[in-house]
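Engineer: Mind having a look at this structure? Questions to follow.
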Amino acid sequence: MAISHQPDSLLQAPPSKAPRWLIGAGIVLTALFIVGPLLIIFDQALAKGLAVFRANLLHAETLHAVWLTVVTALVVVPLNILFGVAAAWAITKFEFPGKKLLLTTIDIPFSVSPIVAGVCYLLLYGSNGLFGPWLEAMDVRVMFTVPAIMLVTLFVTSPFVARELIPLMQVQGRDQEEVAATLGASGWQIFRRVTLPNIKWALLYGAVLCNARAMGEFGAVSVVSGNIRGQTNTLPLQVQLLYHDYNATGAFAAATILTLLAFVTLILKAWLERHTRGQGGH
Amino acid sequence: MTMKTLSRIALAAGLLVASPAFAQNSPADYKGPNELLNVSYDVARELFVKVNEAFNADWQKKGGKPIDVKQSHAGTGAQARAILEGLPADVVTFNQLLDVQVLYDKGKLIPADWQKRLPNGSSPFYSMPAFLVRKGNPKNVKDWADLARPDVKSVFPNPKTSGNARYTYLAAYADALARNNGDHSKAQAFVKTFLSNVPVFDTGGRASTTTFVERGIGDVLITFESEVNGVKREYGDKGYEIVIPQQSILAEFPVAVVDRNVDRKGTRYLAETYLKFLYSEEGQEIAANFSLRVNDPKVLARHKAEYPAVKLVTVDDVFGGWEKATKEHFAEGGILDKVFVNR
Numbered sequence: 001m002a003i004s005h006q007p008d009s010l011l012q013a014p015p016s017k018a019p020r021w022l023i024g025a026g027i028v029l030t031a032l033f034i035v036g037p038l039l040i041i042f043d044q045a046l047a048k049g050l051a052v053f054r055a056n057l058l059h060a061e062t063l064h065a066v067w068l069t070v071v072t073a074l075v076v077v078p079l080n081i082l083f084g085v086a087a088a089w090a091i092t093k094f095e096f097p098g099k100k101l102l103l104t105t106i107d108i109p110f111s112v113s114p115i116v117a118g119v120c121y122l123l124l125y126g127s128n129g130l131f132g133p134w135l136e137a138m139d140v141r142v143m144f145t146v147p148a149i150m151l152v153t154l155f156v157t158s159p160f161v162a163r164e165l166i167p168l169m170q171v172q173g174r175d176q177e178e179v180a181a182t183l184g185a186s187g188w189q190i191f192r193r194v195t196l197p198n199i200k201w202a203l204l205y206g207a208v209l210c211n212a213r214a215m216g217e218f219g220a221v222s223v224v225s226g227n228i229r230g231q232t233n234t235l236p237l238q239v240q241l242l243y244h245d246y247n248a249t250g251a252f253a254a255a256t257i258l259t260l261l262a263f264v265t266l267i268l269k270a271w272l273e274r275h276t277r278g279q280g281g282h
Numbered sequence: 283m284t285m286k287t288l289s290r291i292a293l294a295a296g297l298l299v300a301s302p303a304f305a306q307n308s309p310a311d312y313k314g315p316n317e318l319l320n321v322s323y324d325v326a327r328e329l330f331v332k333v334n335e336a337f338n339a340d341w342q343k344k345g346g347k348p349i350d351v352k353q354s355h356a357g358t359g360a361q362a363r364a365i366l367e368g369l370p371a372d373v374v375t376f377n378q379l380l381d382v383q384v385l386y387d388k389g390k391l392i393p394a395d396w397q398k399r400l401p402n403g404s405s406p407f408y409s410m411p412a413f414l415v416r417k418g419n420p421k422n423v424k425d426w427a428d429l430a431r432p433d434v435k436s437v438f439p440n441p442k443t444s445g446n447a448r449y450t451y452l453a454a455y456a457d458a459l460a461r462n463n464g465d466h467s468k469a470q471a472f473v474k475t476f477l478s479n480v481p482v483f484d485t486g487g488r489a490s491t492t493t494f495v496e497r498g499i500g501d502v503l504i505t506f507e508s509e510v511n512g513v514k515r516e517y518g519d520k521g522y523e524i525v526i527p528q529q530s531i532l533a534e535f536p537v538a539v540v541d542r543n544v545d546r547k548g549t550r551y552l553a554e555t556y557l558k559f560l561y562s563e564e565g566q567e568i569a570a571n572f573s574l575r576v577n578d579p580k581v582l583a584r585h586k587a588e589y590p591a592v593k594l595v596t597v598d599d600v601f602g603g604w605e606k607a608t609k610e611h612f613a614e615g616g617i618l619d620k621v622f623v624n625r
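Listed in order, the protein sequences are those of chains A and B.
Under the working numbering, the letters of the first sequence match residues 1 to 282, in that order.
Under the working numbering, the letters of the second sequence match residues 283 to 625, in that order.
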């Protein structure tokens, strides 16, 4: 239906067998590997009826896990926007020694397995860690608390915004900023009036990606959370806990929330993608 | 040595002097924080939800304020590690003895004689490896000896990574010893065949259940009796049947107050009362309803039908304790390495 309304100009290539094959294979694979599992989540969550599904969703611990996951994202994403913008601005608009090093360092969380990241934090802030005894003497506990979850999530998601901005800002160069500077604009004015409007959509796109990862992060969080129900259990951890408990419907009910959060993120992403593309055009 | 003894005496004397000042004899007198963190094994969530409700009712009936019992569940190896790194557990309720012991070995968070502080080696309930077979028991599996038959495929986790599977391995070994008049070479030949009949070694018990149930691999799933019942309940429509072997090995569920944490927080009385509650008739009844075996005679009488008779041997009796068993069987180059050829 939808295809028949497309203007003909979109179908420039003459129809041949190969593209149809490819499209068919694409659809089959997508159905098998992406749509299928997604449907299973909802099928399993509803396996024992709507009433059980509702009760599972409204379970106090699951609700707490949702709350904790959202709060974590609300703390982590703004901090990463700040960090990402600052890093991208410094790297693309200025020359300074150690620039390459900074660029590489930003990528580290991408290349390190999340579980390793979690263990690193444990070895730094745990009781037997580097700062552990000192922190304990001051009666401060970092590990196995909500701040620990936020810390590792921050680590794991830190490259997202910067990585999204840097290529764009490199292409844009710094001509406009230089013009603004010669016209007498201050640093803050340049950033707010010139740089920010140019990177707005890419910035939001990076934030959306960062948010998706922050909400879904399992490995690093599982190491430093302590798994305390109703206190330090995020949604992904709650799913695992319920599943271990032979409560499959409960686990899948919690998973539906995670899936819906992902859907919202995806829709946002698709919408933003269209805008970024428009921006790249002019 | 003498210094240690001296310091112990000094410590004991200090406690004697100090204890009357902090004497707390009833929940009504308890002045500490009304929050308790119970750090437990991965599949004990429902059990302790029920225990916590009953404990709270009992505590408040005796004049105490409502207690917020927080629960943490994960594999006990990871849990012990987290406590050593600062997870402020008031009590541990584990399903692996060695993972409690490590709290003494690696961090001195509990005393060396922690097992002597509560009855039955600080183990309020117990279980043992048992079998779950497919509907109608098509392969006619009755006992450990059947698991060495070439047509019988068993599923349990990797004994290298899973405490649960170590019990299974030791139970099979002990049973073979008993059948062969204590001949170790015959017992080793048996476990070798037994292990070679395992198509998949998962890392943990839950993954093995998935292999057996969802992937349909194997004829027998071997895990704790309490777990076997849980799987049978959860997948009731598949008609799985439970088979209890003639002989199995005692698997303790050791509990301990984490001294360093309770003394820091001032929750010792609460923590000790909580653990003692697990030994009460009410606590034992709850455990029995989760297919754990208990010692309370009244509860035992009520649940007689659910506990088929089984001869239980212990790791202490057959293998000279966990430390020796670990060294001889599970260490690098140990007996397990020699018989475990298909991993």
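Built from N, CA and C at the ideal position, the CB exists for glycine as well.
Between A:Asn-128, A:Val-152, A:Ile-108, A:Gly-132, which lies nearest to Arg-163 (chain A) when the distance is taken from Cα to Cα?
Structural biologist: The option with the nearest alpha carbon to Arg-163 (chain A) is A:Ile-108.
Engineer: Going by beta carbon distance, what residues of the same chain come within less than 7 angstroms of Leu-268 (chain A), once the five residues before and after it are set aside?
Structural biologist: Here the set comprises Val-208.
Engineer: Where does Thr-443 (chain B) sit, in a helix, a strand or coil, going by DSSP?
Structural biologist: Coil, per DSSP.
Engineer: Do Gly-314 (chain B) and Gly-512 (chain B) have their C-beta atoms closer together than 8 angstroms?
Structural biologist: Their beta carbons are not under 8 angstroms apart, which means Gly-314 (chain B) does not touch Gly-512 (chain B) by this criterion.
Engineer: Quick one: is Gln-378 (chain B) near chain A, going by C-beta distance under 8 angstroms?
Structural biologist: Output row for Gln-378 (chain B): interface = no.
Engineer: State the Cα-Cα distance for the pair Gly-118 (chain A) and Ile-365 (chain B), rounded to the nearest angstrom.
Structural biologist: If you take the alpha carbons of Gly-118 (chain A) and Ile-365 (chain B), they lie about 15 angstroms apart.
Engineer: I believe Lys-347 (chain B) touches Asn-316 (chain B) by the beta-carbon criterion, under 8 angstroms. Please report the beta-carbon distance rounded to the nearest angstrom.
Structural biologist: Contact flag correct, Cβ pair sits at about 5 angstroms.
Engineer: Since Ser-508 (chain B) contacts Leu-574 (chain B) with CB under 8 angstroms, what's their CB separation in whole angstroms?
Structural biologist: Right, their Cβ atoms sit about 5 angstroms apart.
Engineer: Is it a yes or a no for the segment 140 to 147 of chain A touching the segment 173 to 189 of chain A, going by three-plus beta-carbon pairs under 8 angstroms?
Structural biologist: These segments do not touch.
Engineer: Going by alpha carbons, who is nearest to Val-473 (chain B) out of B:Ser-530, B:Lys-580, B:Leu-429?
Structural biologist: Among B:Ser-530, B:Lys-580, B:Leu-429, the Cα nearest to that of Val-473 (chain B) is on B:Leu-429.
Engineer: Give me, in chain order, the residues of the same chain whose beta-carbon lies closer than 6 angstroms to that of Val-592 (chain B); leave out the 5 immediate sequence neighbours on both sides.
Structural biologist: Cβ neighbours of Val-592 (chain B) beyond the five flanking positions: Ile-526, Ser-530.
Engineer: Which residue or residues does DSSP assign as beta-bridge partners of Pro-411 (chain B)?
Structural biologist: Answer is B:Phe-506, bridged to Pro-411 (chain B).
Engineer: Do we get a CB-CB distance below 8 angstroms when we pair Ile-228 (chain A) with the residues of chain B?
Structural biologist: It does: the Cβ of Ile-228 (chain A) has a partner Cβ on chain B nearer than 8 angstroms.
Engineer: Would you mind giving the Cβ-Cβ distance between Ala-60 (chain A) and Gly-230 (chain A), rounded to the nearest angstrom? I have them listed as a contact below 8 angstroms.
Structural biologist: 7 angstroms between Cβ atoms; contact.
Engineer: Quick one: residues in its chain with C-beta nearer than 7 angstroms to the C-beta of Phe-131 (chain A), no 5 flanking neighbours on either side, listed in chain order?
Structural biologist: Answer for Phe-131 (chain A): Leu-124, Tyr-125, listed in chain order.
Engineer: Using a C-beta to C-beta distance shorter than 7 angstroms, which residues of chain B count as neighbours of Leu-32 (chain A)?
Structural biologist: Per Cβ cutoff of 7 angstroms: no residues; Leu-32 (chain A) is ~17 angstroms from chain B at best.
Engineer: Can you tell which of A:Ala-202, A:Leu-183, A:Arg-192 has its C-alpha closest to the C-alpha of Pro-167 (chain A)?
Structural biologist: Closest option to Pro-167 (chain A), Cα to Cα, is A:Ala-202.
Engineer: Roughly how many angstroms separate the alpha carbons of Thr-485 (chain B) and Arg-448 (chain B), rounded to a whole number?
Structural biologist: Taking the straight line from one Cα to the other gives about 12 angstroms.
Engineer: Confirm, please, whether the CB-CB distance from Lys-352 (chain B) to Leu-319 (chain B) is below 8 angstroms.
Structural biologist: Closer than 8 angstroms, so yes.
Engineer: Please tell me whether Gln-353 (chain B) has its Cβ less than 8 angstroms away from any Cβ of chain A.
Structural biologist: Yes, contact with chain A.
Engineer: So which residues of chain A does Glu-516 (chain B) contact, with C-beta pairs closer than 9 angstroms?
Structural biologist: The contacting residues are Tyr-246, Asn-247, Ala-248.
Engineer: Tell me, to the nearest whole angstrom, how far the beta carbon of Lys-421 (chain B) is from that of Val-434 (chain B); I am working on the premise that it is less than 8 angstroms.
Structural biologist: So it is a contact: roughly 5 angstroms between Cβ atoms.
Engineer: Answer yes or no: do Thr-256 (chain A) and Arg-213 (chain A) have a C-beta to C-beta separation smaller than 8 angstroms?
Structural biologist: No, the Cβ-Cβ distance between Thr-256 (chain A) and Arg-213 (chain A) is not below 8 angstroms.
Engineer: Anything in the segment 328 to 340 of chain B with a Cβ closer than 7 angstroms to a Cβ of chain A? List those residues in chain order, please.
Structural biologist: Cβ contacts with chain A come from Glu-328.
Engineer: Leaving out five residues before and five after Ser-127 (chain A) in sequence, what residues of the same chain have Cβ atoms less than 7 angstroms from its Cβ?
Structural biologist: The answer, listed in chain order, is Glu-136.
Engineer: Output the distance between the C-alpha atoms of Leu-82 (chain A) and Ile-41 (chain A), rounded to the nearest integer angstrom.
Structural biologist: C-alpha separation (whole angstroms): 35 angstroms.
Engineer: How many Å lie between Gly-521 (chain B) and Glu-534 (chain B) at the Cα?
Structural biologist: If you take the alpha carbons of Gly-521 (chain B) and Glu-534 (chain B), they lie about 29 angstroms apart.
Engineer: Comparing the C-beta of Gly-500 (chain B) with each C-beta of chain A, is any distance below 8 angstroms?
Structural biologist: No, because no Cβ of chain A sits closer than 8 angstroms to the Cβ of Gly-500 (chain B).
Engineer: If you draw a straight line from the alpha carbon of Asp-372 (chain B) to that of Val-333 (chain B), how long is it in whole angstroms?
Structural biologist: In a straight line, the C-alpha of Asp-372 (chain B) is about 16 angstroms away from that of Val-333 (chain B).
Engineer: Tell me whether His-282 (chain A) sits in a helix, a strand or coil according to DSSP, three-state version.
Structural biologist: Residue placement at His-282 (chain A) is poorly supported in this model, since its pLDDT is 38, which falls under 50; the coordinates are not used for a value here.
Engineer: Is Ser-113 (chain A) close to chain B, meaning its C-beta is less than 8 angstroms from at least one C-beta of that chain?
Structural biologist: For Ser-113 (chain A), the answer is no, since every Cβ of chain B falls outside 8 angstroms of its Cβ.
Engineer: Considering Cα atoms alone, identify which of A:Ala-51, A:Gln-238, A:Arg-54, A:Leu-165 is closest to Lys-200 (chain A).
Structural biologist: Looking at the Cα atoms, A:Leu-165 is the closest of the given residues.
Engineer: Once you ignore the five residues that flank Glu-523 (chain B) on each side, which residues in its own chain have a CB closer than 6 angstroms to its CB?
Structural biologist: The residues are Val-415, Asn-419.
Engineer: Given this structure, state the Cα-to-Cα distance separating Arg-461 (chain B) from Ser-444 (chain B), to the nearest angstrom.
Structural biologist: Approximately 26 angstroms between the Cα atoms of the pair.
Engineer: Quick check: what's the CA-CA separation for Gly-368 (chain B) versus Lys-558 (chain B)?
Structural biologist: Using only the alpha carbons, I get a separation of about 25 angstroms.
Engineer: Report the option in B:Thr-555, B:Ser-322, B:Val-576, B:Leu-380 whose CA atom is closest to the CA atom of Ala-336 (chain B).
Structural biologist: It is B:Thr-555 whose Cα lies nearest to the Cα of Ala-336 (chain B).
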